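To convert a position in the sequence shown, counted from 1, into the UniProt record's numbering, add 4.
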Amino acid sequence: AGTLFVVATPIGNLQDLTPRALQVLRDVSLIAAEDTRHSARLMQHFGIATPMTACHDHNERDKGQRLVERMLAGDDIALISDAGTPLISDPGFHLVRQAREAGIKVSPVPGACALIAALSAAGMPSDRFAFEGFLPAKAHGRQQRLRALLEEPRTWLVYEAPHRLLDCLRDMQQVLGAQRRVLLARELTKTFETLHAAPLDELVAWVAADADQQRGECVLVVEGAPEPEADEVSAQALHVLDLLLAELP
Ligand code: SAM
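Quick look at the structure:
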């Protein structure tokens, strides 16, 4: 049987396509792309002539079965999305799952990923972190999700659309407080790349004052909530101990 290669493509700067990705995209029988027209530009830039087929959220389950059959018959296939790493807030989950269930070898070809790029340059604790994908688009749902994240002690990240950035930051300020530090990573690897960290009240004012900051693609990196004080932890532990003791004969 063939292999399914899960190939990361650039998030802006085309030089971020790795030599191995280039080789794999040239060698496979077929490239399954989120949007073949979008990816045609990348293929043209690198002179890759491999046939492409569309594999996106709306056809992935049916398409997946057909692609699995081709791989069972011996073809290698590469999965790509419009930008960055497939399956990271991008299609590919169903295809990868179907391939694995069929016993097909799935091999990652790692490369650009906006959340990892932002985290690597944020200077916030990164030994543990959480990725929350896109927050809900409407204010009510977004605020609800933010409240659930209020006490998250790890650094956490979200993707945001440019036209929602300011609303999102204002909701963050309201729910997480004016002093919580957030880093805005915008247009990573591109000409107008900007990384700017500030407490939320300052960041909101900074973005509101400059329409340029409300354009392009962005990642928000949010500093985690302070860990509970040591005596709070032990108070909690004593409470649990009380409960356990009450259960003992
Ligand atoms: N699969 C991609 C990855 O590996 O990062 C993410 C795809 S998701 C549909 C697109 C979102 O990723 C954008 O809305 C933005 O939040 C983030 N993103 C992608 N490219 C970016 C860039 N160059 N700079 C900042 N954020 C970016």
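The beta-carbon is built from N, C-alpha and C at its ideal position, and this holds for glycine as well.
Here the structure is a predicted model, which is why all the values come from computation and not from measurement.
Query: Put G137 into one of helix, strand or coil per three-state DSSP.; Result: strand
Query: Please report the distance separating the alpha-carbon of C222 from that of R45.; Result: 22 Å
Query: Whose C-alpha, out of G115, K67, R158, is nearest the C-alpha of L18?; Result: G115
Query: Note down the Cα distance separating V226 from D79, rounded to an integer number of angstroms.; Result: 43 Å
Query: Name the two residues that bound the continuous beta strand (DSSP E) containing E164.; Result: 159-164
Query: Using the C-alpha atoms, what's the distance from P203 back to R219?; Result: 21 Å
Query: Going by C-alpha to C-alpha distance, which of L99, E136, K67, R185 sits closest to G127?; Result: R185
Query: Would R65 and H98 be called neighbours here (beta carbons separated by less than 7 Å)?; Result: yes
Query: Between the beta-carbon of V110 and the beta-carbon of R104, is there less than 7 Å?; Result: yes
Query: Select from T198, E233, T159, I108 the residue whose C-alpha is nearest the C-alpha of L132.; Result: It is Arg, not Leu, that sits at residue 132 in the sequence shown. Considering only alpha carbons, the answer is T159.
Query: Would the beta-carbon of S93 be found less than 6 Å away from any heavy atom of the ligand SAM?; Result: yes
Query: Name the residue from P157, V11, A250 whose alpha carbon lies nearest to the alpha carbon of D86.; Result: V11
Query: What does the alpha-carbon distance come out to for the pair M75 and V32?; Result: 11 Å
Query: Less than 6 Å between C-beta atoms, sequence neighbours within five positions excluded: which residues of the same chain meet that for P14?; Result: D20, L21, A116
Query: Using CA atoms only, rank isn't needed, just tell me which of L150, K67, A25 is closest to G228.; Result: L150
Query: What residue from A189, L153, T195, A165 has the CA that sits closest to Q178's CA?; Result: L153
Query: Do E38 and H62 have their C-beta atoms within less than 7 Å of each other?; Result: no
Query: For L91, name the three-state secondary structure that DSSP assigns.; Result: coil
Query: Report the partner residues of H243 according to the DSSP bridge assignment.; Result: None; H243 has no bridge partner.
Query: If you draw a straight line from the alpha carbon of L245 to that of P253, how long is it in whole angstroms?; Result: 14 Å
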